[in-house]
Structure formats: C-alpha cells, structure tokens
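Novice: Pasting a structure here, questions to come.
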Amino acid sequence: MTEFSAVKESLAHQAIELPSWAFGNSGTRFKVFGQPGVPRTPEEKIADAAQVHRYTGIAPTVALHIPWDAVDDYAKLAEYAAEQGVRVGAINSNVFQDDDYRLGSVTNPDPAVRRKALDHLLACVDVMDATGSRDLKLWFSDGTNYPGQDDIRARQDRLAEALEAVYARLGDDQRFLLEYKLFEPAFYTTDLPDWGTAYAHCLKLGDKAQVVVDTGHHAPGTNIEFIVAFLLRENKLGGFDFNSRFYADDDLMVGSADPFQLFRIMYEVVRGGGYDPAAGVAFMLDQCHNIEPKIPGQIRSVLNVQEATAKALLVDADALASAQAAGDVLGANAALMDAYNTDVRPMLAELRAEQGLDPDPMAAFARSGYTERVAAERVGGRQAGWGA
Numbered sequence: 001m002t003e004f005s006a007v008k009e010s011l012a013h014q015a016i017e018l019p020s021w022a023f024g025n026s027g028t029r030f031k032v033f034g035q036p037g038v039p040r041t042p043e044e045k046i047a048d049a050a051q052v053h054r055y056t057g058i059a060p061t062v063a064l065h066i067p068w069d070a071v072d073d074y075a076k077l078a079e080y081a082a083e084q085g086v087r088v089g090a091i092n093s094n095v096f097q098d099d100d101y102r103l104g105s106v107t108n109p110d111p112a113v114r115r116k117a118l119d120h121l122l123a124c125v126d127v128m129d130a131t132g133s134r135d136l137k138l139w140f141s142d143g144t145n146y147p148g149q150d151d152i153r154a155r156q157d158r159l160a161e162a163l164e165a166v167y168a169r170l171g172d173d174q175r176f177l178l179e180y181k182l183f184e185p186a187f188y189t190t191d192l193p194d195w196g197t198a199y200a201h202c203l204k205l206g207d208k209a210q211v212v213v214d215t216g217h218h219a220p221g222t223n224i225e226f227i228v229a230f231l232l233r234e235n236k237l238g239g240f241d242f243n244s245r246f247y248a249d250d251d252l253m254v255g256s257a258d259p260f261q262l263f264r265i266m267y268e269v270v271r272g273g274g275y276d277p278a279a280g281v282a283f284m285l286d287q288c289h290n291i292e293p294k295i296p297g298q299i300r301s302v303l304n305v306q307e308a309t310a311k312a313l314l315v316d317a318d319a320l321a322s323a324q325a326a327g328d329v330l331g332a333n334a335a336l337m338d339a340y341n342t343d344v345r346p347m348l349a350e351l352r353a354e355q356g357l358d359p360d361p362m363a364a365f366a367r368s369g370y371t372e373r374v375a376a377e378r379v380g381g382r383q384a385g386w387g388a
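With the first letter of the sequence shown counted as 1, position 191 gets the number 191 in the UniProt record's numbering; the numbers rise by one all the way through.
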C-alpha cells in the first residue's frame, strides 16, 4: 500500500459536525447581516447542512442549539434529518441570552435563576433522548465584571453543583462536553476561563464529563496543541469547536488565520490516538460567518480540516521518533514540515472521485443552483439568526 493510499483509507472515516447556527444570519456585535435564502426553520438549516455533506462526504451530523432550534417534536426533526442524509449531533444549551442571566446562570447568586438555568440544561438532555444524540455541549458566559462583585469561590461551588446534577441525569451512552473561554462577556473573572478549570470539574465527575477545546478561546500565543496532547493523554478530550482567530474569539473559518496551527493540532490528535473513531473525539465547527455565503463557507471550512488532517496523517512517525530520540532538532522539525508542505489537494480530489463525489466540492455546489433556488423559495417568514 502506498503512503497516499494509507492516508486515503484513514480519511474515509473522517466526520466533521456542522453547527446549525452557521446557516442563519450572523454578524458582529454591531450589526447582523442578512442574506437571501437564509433558513427560517430548523428543518431548513438541516437541509442546508445536508448540502455540505452531499458535496464533501465528511459532514454527516448537525449540532442543534436550544432554543434557537426549538421544535415541538424532536424525534420528528431527527427523522427529517435522516431523510436529508444526515443525523442530529450534539445538543448545545443556551443559558446566556435571557435577561435573568445578567449576573450569571448556574453561578448566579439568586437560587431561582440557578434553578431556571439548571432546568434548561436538564431539558436539553430530554432533547438528546428524543434525537438519539450522544453529546451535550455546555458553555457558560458566567463571570463578573468588577472586583468584589461576587464571591469567586462560591461561584465555583455553584458551578460544581449544577454540573453534578446534569451529570446524574445523563444516560449510559450520553456525556457532556464542557467548554471554557478566557474572557467575554465577563471581563474581570470568568467562571470557566481555561482548560485547567474545565478539566478539574470533569475529572471530579467521571468519564461522562469531557473537555471541549474551542480553538478561538485562548490568549494570544497559547500553545493549543499542548492542551490537546495533555487532554488526550488523560482521556479527557471530548471534542473540538473549530474556528480561527487573529485577535480574540473571532469565529472565523477554521484554518483561515493560521493553517499551520490547525495542522499542528491535528498532528497531536493523530499522535495521541484521538483520530481513531473509538476515541470518541467530536470534531465540530463553531463559526459565525459574517460576510461570506453560508453553505460555501461551511464547505470550505470542512475542506480545510480535511486537508490539515491529511497532512497530519502524512507525517513519517518513525523518522520523527528517530530524530527526536537522537536529539536531531532540525531533522525532527523537518519531518513535520515535509508533511505540512505536501500539496494534498490532488490526493483529496482523487479520494472524492473514488467515493463517487465531485473532485471539486466548491465548484460542484456552485453549479448545483441550490443557492438560487432557496433564495427564490424562502420568501416571507423570519430568517433564522443567532439570537443577538
């Protein structure tokens, strides 16, 4: 088997989850930009996501966000997704857009607000039961803006209490993924500011509590691949929220700002066994596209992850290990750079052709006329957005 053949065989099982909210209107803190043909319902979001899978072959699941994707019958929504050729993936909770959460959700000093937030999280597990979803995504905007505003330790106690309650509600085949963020919207303290805090809470709870790494949620210069390697070593890496950033949490298309970083991250995933489906690592996109077309933006993002993965799989592990053991600094670095500098696009085009897909997904989608058709059909109603 040739080197490229082995990589193509490994890429055949790759799966990247799409966020439903990426297909709605989004923007900056100052303006949300509308586009023709934007979905008005969760079903239309799923239909758009299915187009990405149709042309790439590696985006078989769609994450939902509650209540942005609230419906009366979630089992029926899951059936609709299956009819479109995809499945419902992670269920994302939302305890950050209600007026009651001005001072926090599960860490709020008001017990009634904490109860309201917890009830929503438990309701999200009910949604998981109906859709057959494995993962519950938890992100909290909770924190404080001013010194003395609240008791920092007490807020950690409240957070732990809520996580324990959610953990106890999970089924045998379910888990939650705990997300962290350095800052924003809280600017003095954030209750889950880093991977260490998330890891500590998950470690105390057990195997069904895992950490999710959002690649935009770090201070400038943070070595994200180290975090990935450490969490994989501890069996606590539950998944990724892939996006890209220049300055802060920019939510740009994954691989657009620093494709070399994406490659380094995916190498650590491969090195640490996280690419094996049995590892259970969820590879999800979490991007809010501001100016680019929705579906092509998702297609390009999926292809960026696929290219970085292909390069990571091309690393000559034996040559790298030998150079490292010999203290050959330049030789070890060259082993990584040789893989990164390989143009994998012809190989990936060949893989798609072998799978019965168009070798050029972007061009194939553009020729399909789907964008023009939905723009003509989706007239009236309220376009979906991210709730801002």
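Think of the CB as a built atom: it goes at the ideal place given N, C-alpha and C, for glycine as much as any other residue.
Treat the numbers as computed from the prediction; the structure is a model and nothing was measured.
Give the straight-line distance between the Cα atoms of Asp173 and Gln298, rounded to the nearest whole angstrom.
Specialist: 29 Å
Novice: Do we get a CB-CB distance below 8 Å when we pair Val374 with the residues of chain C?
Specialist: Absent from the structure is chain C; it holds one protein chain and no more.
Novice: Between the stretch 341-349 and the stretch 259-277, are three or more C-beta pairs nearer than 8 Å?
Specialist: no
Novice: So is Lys137 buried or exposed if we call it buried at 16+ other beta carbons inside 10 Å?
Specialist: Lys137 should be labelled buried.
Novice: Out of curiosity, what's the CA-to-CA distance linking Asp98 and Asp360?
Specialist: 43 Å
Novice: How long is the line joining the alpha carbons of Val379 and Phe23, rounded to whole angstroms?
Specialist: 16 Å
Novice: In whole angstroms, what is the alpha-carbon distance linking Phe4 and Leu314?
Specialist: 8 Å
Novice: Measuring alpha carbon to alpha carbon, tell me which of Lys8, Asn145, His201, Thr41 ends up nearest Gly381.
Specialist: Of the candidates Lys8, Asn145, His201, Thr41, the one whose C-alpha sits nearest the C-alpha of Gly381 is Thr41.
Novice: Would you kindly report the start and end of the unbroken beta strand (DSSP E) that includes Gln210?
Specialist: 209-214
Novice: Is it the case that the stretch 205-212 contacts the stretch 221-238, given that we only count it when at least three CB pairs across the two stretches are under 8 Å?
Specialist: yes
Novice: How big is the Cα-Cα spacing for Ala160 and Lys8?
Specialist: 43 Å
Novice: Tell me where the alpha helix (DSSP H) around Met284 begins and ends.
Specialist: Segment 282-285 is the beta strand (DSSP E) holding Met284; no alpha helix (DSSP H) there.
Novice: Is it right to say Ala28 is buried, meaning 16 or more other beta carbons lie within 10 angstroms of its own, or is it exposed?
Specialist: Correcting the residue identity first, residue 28 is Thr in this sequence and not Ala. With fewer than 16 Cβ atoms within 10 Å of its Cβ, Thr28 is classed as exposed.
Novice: Which same chain residues, not among the five before or five after Ala388, have their C-beta less than 7 Å away from its C-beta?
Specialist: Low confidence applies to Ala388: its pLDDT is 48, below 50, so where it sits in the model is not reliable enough to give any reading.
Novice: Where do the N-terminal and C-terminal ends of the alpha helix (DSSP H) with Leu313 fall, by residue?
Specialist: 294-313
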